[in-house]
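Residue numbers (my numbering): 3 to 185.
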Amino acid sequence: MRSPQLLALVLTLAFLLGATAGILWDQLWQPPYVSKEAPAMPVDQPEKARIQRDTEIVRRITYVEGSCRQTLEDVGRAPADWIGWTREDLEQFQPDAVIEEFSPQRVVLHRQAPGCPYRGRTLLLRQGRVGVYYGTPNDLGPLMRETDITADMLKPEDRARLEEGVTVLDDEEVEKLLEGLKE
């Protein structure tokens, strides 16, 4: 009778050992991509922010001609082809712009441009002197330069015109007009 009991004991031990070995084997060699729950995102590597459909896009351009130094700002929504872009994507697409802010809610791009956004130049008599301004009398920009031409040096008809503002297209015309005023 000992033999059947011993045999049952050996078989039971073999079964338990086999089951334990099988469980350990599965745990040790389970492929890393098999997981019951998603691994936690490492704290030092947050998910990259991406532009979304409702992301506010702010484009700033600072014009750097002489004393103009005007900054214009345009605010709108993300263009369709920008949706899903990361900061790195935008840096590649807009290499001349500085990204001042980047989040799914708001992106601010800032770049510098030559010239001045104002069309034309206006010669205007202010505070007794002729000044040259960027823009037109209806959209007068900053003072481009002040001249040494005073009100008492002007003919009455020139003075009347300059009090209202005389608009020319470019700097070459400004120089011609100033020379004519000095005669």
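Glycine included, every Cβ here is placed at the ideal spot set by N, Cα and C. Model, not experiment: these values are computed from the prediction.
- Residue state for T88 is assigned as coil, using DSSP reduced to three classes.
- Between the alpha carbons of T57 and G137 lies a distance of about 33 Å.
- V66: not part of any alpha helix (DSSP H); DSSP gives it neither H nor E.
- For L171, the number of other beta carbons within 10 angstroms of its own is below 16, and it is reported as exposed.
- Taking C-beta atoms under 8 Å as the contact rule, Y65 and P119 qualify, at a distance of about 5 Å.
- Scanning E75, R147 and L180 for the CA closest to the CA of R161 turns up L180.
- In the DSSP assignment, the residues bridged to V110 are V60 and E103.
- Assignment of beta-bridge partners to V77 by DSSP yields V60.
- When C-alpha distances from R71 are compared across Q96, E185 and P116, the shortest belongs to P116.
- Note on the region 114 to 158: whole beta strand (DSSP E) runs with a minimum of 3 residues are 123 to 128, 131 to 138 and 141 to 152, in chain order.
- Annotation for K178: the continuous alpha helix (DSSP H) segment containing it runs D173 to K184.
- Just so you know, the alpha carbons of V168 and A153 end up roughly 15 Å apart.
- Burial of L111 is indicated by the presence of at least 16 other C-beta atoms within 10 angstroms of its C-beta.
- Within the DSSP bridge table, the entry for T169 names T124 as partners.
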